[in-house]
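Asks:
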Amino acid sequence: MEGIEHRTVEVNGIKMHIAEKGKEGPVVLFLHGFPELWYSWRHQIAALGSLGYRAVAPDLRGYGDTEAPASFSLWLMIGVLSLVGISVCFALRESKLIFQEPGKTEAEFAKSPELVMKAMLTGRSGKPLIIPKEGFLAFPEAIRTRPLPSWLSQQDIDYYASKFEKTGFTGALNYYRNFNLNWELTAAWTGAQIKVPVKFITVVLLGELICSNELEIPLLCFSLHDQVLISTQWSKIYRYHHAI
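Numbering-wise, UniProt numbering puts 75 at position 75 of the sequence shown, and it's gapless, one number per residue.
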């Protein structure tokens with residue numbers, strides 16, 4: 001695909017699949033969200049690789065062709081400190097998340113990975129995805145027959161679905177199952193101020209929810225020059241400039 005190469009590397013005891021283009025130049029690392037794969041960045045990899053950058057996108061732990069760690073500790077935020085220095089998404093602390101129940105959600109998703117991917121990737125209302133109480137297979141016919149947007153083909157959906165049919169959704173969902181442990185382990189840094197100059201911070205919000213995090217971020221950053229708030233992984237981007 002447009003000169004993109006694939007290989008497997010040994011990282012922290014697991015085999016990780018990466019897609020890349022460009023052998024030299026500054027490295028640009030692309031990290032996908034849920035429920036996605038390196039494939040989400042295929043166009044950006046091709047474009048930046050052609051411009052002289054080394055563009056790299058892995059399948060994250062438990063996704064696609066990357067192995068899932070045997071130990072839950074490797075899913076902890078502190079277990080992936082190699083990501084420090086990268087634009088890090090911050091999520092609000094939720095008391096109840098259905099994804100945290102082991103076995104339940106992945107069993108539901110496994111009934112139709114294709115429908116799951118279509119619902120996830122074409123849900124662009126800016127609001128959280130609402131799953132029927134009866135499960136994904138109970139989605140209205142309107143969602144099942146929803147026309148695909150110009151940027152998404154059936155071939156794309158089939159690619160995602162084929163990977164999740166092979167691996168299941170457990171590895172991907174394990175990120176969410178460590179929320180409570182992550183909060184406990186990082187409690188000592190609650191309210192800590194970032195001392196280094198900050199170009200931007202991305203914040204994951206649910207839909208168009210306006211939360212206190214927007215107001216707190218300038219207080220946490222000693223030198224905030226630019227703040228970008230992203231409403232979910234795919235909807236609106238809000239940008240604020242601070243003269244500090």
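Backbone N, C-alpha and C fix where the C-beta goes; we use that ideal spot for every residue, glycine too.
Report the option in Ser40, Leu29, Leu37 whose CA atom is closest to the CA atom of Val56.
Replies: Among Ser40, Leu29, Leu37, the Cα nearest to that of Val56 belongs to Leu29.
Asks: Going along the chain, which residues of its own chain have a beta-carbon closer than 6 Å to the beta-carbon of Pro26, five neighbours each way excluded?
Replies: Once the five neighbours on either side are set aside, the close Cβ partners of Pro26 are Tyr53.
Asks: My guess is that Gly64 and Leu37 are in contact by the Cβ rule of under 8 Å, so how many angstroms apart are they, rounded?
Replies: Right, their Cβ atoms sit about 4 Å apart.
Asks: Which residues does DSSP pair with Val9 in a beta bridge?
Replies: Per DSSP, Met16.
Asks: Locate the beta strand (DSSP E) running through Arg54, then write down its first and last residues.
Replies: Its beta strand (DSSP E) spans residues 54-58.
Asks: Exposed or buried, which one is Ile194 when buried takes at least 16 other CB atoms within 10 Å?
Replies: Exposed, by the Cβ-count rule.
Asks: In or out: Ala188 buried (at least 16 other Cβ within 10 Å) or exposed?
Replies: By the 10 Å Cβ count, Ala188 comes out exposed.
Asks: Within its chain, find whatever has a CB closer than 6 Å to the CB of Met16; leave out the 5 residues flanking it on each side and keep chain order.
Replies: Excluding positions up to five away in sequence, the list reads Val9, Pro58, Thr66.
Asks: Just to confirm the assignment, what range does the alpha helix (DSSP H) spanning residue 245 have?
Replies: Absent from the model: residue 245. The displayed extent of the chain is 1 to 244, so no value can be given.
Asks: I'd like to confirm the pairing. Which residues does DSSP put opposite Leu29 in its beta bridges?
Replies: Paired residues: Val56.
Asks: By DSSP, does Asp4 sit in helix, in strand, or in coil?
Replies: Checking the sequence, you will find Ile at residue 4 rather than Asp. The answer is coil: DSSP assigns Ile4 none of H, G, I, E or B.
Asks: Report the three-state DSSP secondary structure of Lys118 (helix, strand or coil).
Replies: Three-state DSSP puts Lys118 in a helix.
Asks: Could you check if Val196 is buried or exposed, using at least 16 other CB atoms within 10 Å of its CB as the buried criterion?
Replies: Its Cβ having fewer than 16 others within 10 Å, Val196 is exposed.
Asks: Straight-line CA distance for Leu121 to Tyr175?
Replies: Approximately 19 Å, taken between the alpha carbons.
Asks: For Lys23, name the three-state secondary structure that DSSP assigns.
Replies: Note: Lys23 maps to coil in three-state DSSP.
Asks: In the DSSP assignment, find the alpha helix (DSSP H) that holds Tyr159 and state where it starts and stops.
Replies: Its alpha helix (DSSP H) spans residues 154-167.
Asks: With a threshold of 7 Å on Cβ separation, who are the neighbours of Glu24 within its own chain once the five nearest residues in sequence on each side are excluded?
Replies: Once the five neighbours on either side are set aside, the close Cβ partners of Glu24 are Arg54.
Asks: Report all residues from its chain with a CB closer than 8 Å to the CB of residue 266; omit the five preceding and five following residues, and keep chain order.
Replies: The structure shown does not extend to residue 266, since the chain spans only 1 to 244, so no value can be given for it.
Asks: Of the choices Arg146, Leu48, Leu173, whose alpha-carbon is the least far from that of Thr105?
Replies: For Thr105, the nearest C-alpha among the options comes from Leu173.
Asks: Bridge partners of Ile45, per DSSP?
Replies: Paired residues: none, contrary to the question.
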